[in-house]
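Enquirer:
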Amino acid sequence: AELTKMTVKENGQEAPIASFDDYLAKANQAKQKLLVEIKTSKQDSQGALSNFIEKYERPLIKNNHQVQSLDYNVIKAFKKAKSKVKVSFILPYNFTFPETQADLYTMEATTLNDTFILKADQQKKAVYAWTVNDSEVLSKMLFMDVAGVITDDLELVNEEVNDFEKNPSYADRILHYIFMLPSVASQ
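If you number the sequence shown the way the UniProt record's numbering does, the last residue is 187 and the count never jumps.
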């Protein structure tokens, strides 16, 4: 509640900080799906996460929003509550494929590889890549067939995805076929 009394300024613009309730209402009104990141700290009240799940589970499910967190306890709390909200475990590094209760994964793009994507696909878990802000990394993510990208440059992503879908070169199609072949063969 304290934050909503503050005003933020950037690039000559200023606005009050919106409450999560207001932000969620605007997203729902605009039919904009959200990937809500829950960041935890030792200062959180003991019931904060269960209160969040209780308050927001229905609107999150109704509007197909998803939740992600770097804190695996968040994933476990949603599963323990038998929540139907899709939850993604954020992984900053790709050391090994995790065995988790998460519905999907959010992986830092520079360490994401096709082996991780294939293992996730075998478990019917989607993978999002973050933070994708340049054409080269985006092309790599598209070829690996990630389910989505998290970006600070939506204009670049929209342009590149449209170009990729409308004008794949012959080499691009062969590369895409090579990446897709192992997943088709395993079915």
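For glycine and all other residues, C-beta sits at the position ideal for the given N, C-alpha and C.
For the candidate residues A18, K79, A25 and N28, whose alpha-carbon lies nearest to that of L49?
Expert: K79
Enquirer: Between which two residues does the alpha helix (DSSP H) carrying A126 extend?
Expert: Note, A126: premise wrong, no alpha helix (DSSP H); beta strand (DSSP E) at A126 to W130.
Enquirer: Take V36 as the anchor and find which of N11, L70 and K42 has the nearest alpha-carbon.
Expert: L70
Enquirer: Are the CB atoms of Y105 and F89 nearer to each other than 8 Å?
Expert: Contact: yes.
Enquirer: Excluding sequence positions up to five away, which residues of its chain have a Cβ less than 8 Å from the Cβ of L142?
Expert: E160, V161 and F164
Enquirer: Do you know how far the Cα of E2 is from the Cα of M107?
Expert: 32 Å
Enquirer: Closer than 6 Å by C-beta to A25: which residues in its own chain qualify, once you throw out the five before and the five after it? Chain order, please.
Expert: none
Enquirer: Looking at the secondary structure, which residues open and close the alpha helix (DSSP H) in which E155 lies?
Expert: L154 to K166
Enquirer: When we look at the beta-carbon of D103 and count the other beta-carbons within 10 Å, is it buried (16 or more) or exposed?
Expert: buried
Enquirer: Considering only residues of the UniProt domain "GP-PDE" (13-155), which uninterrupted beta strand (DSSP E) runs meet the minimum length of 3 residues and lie entirely inside it, listed in chain order?
Expert: 13-16, 35-37, 66-69, 86-91, 104-108 and 126-130
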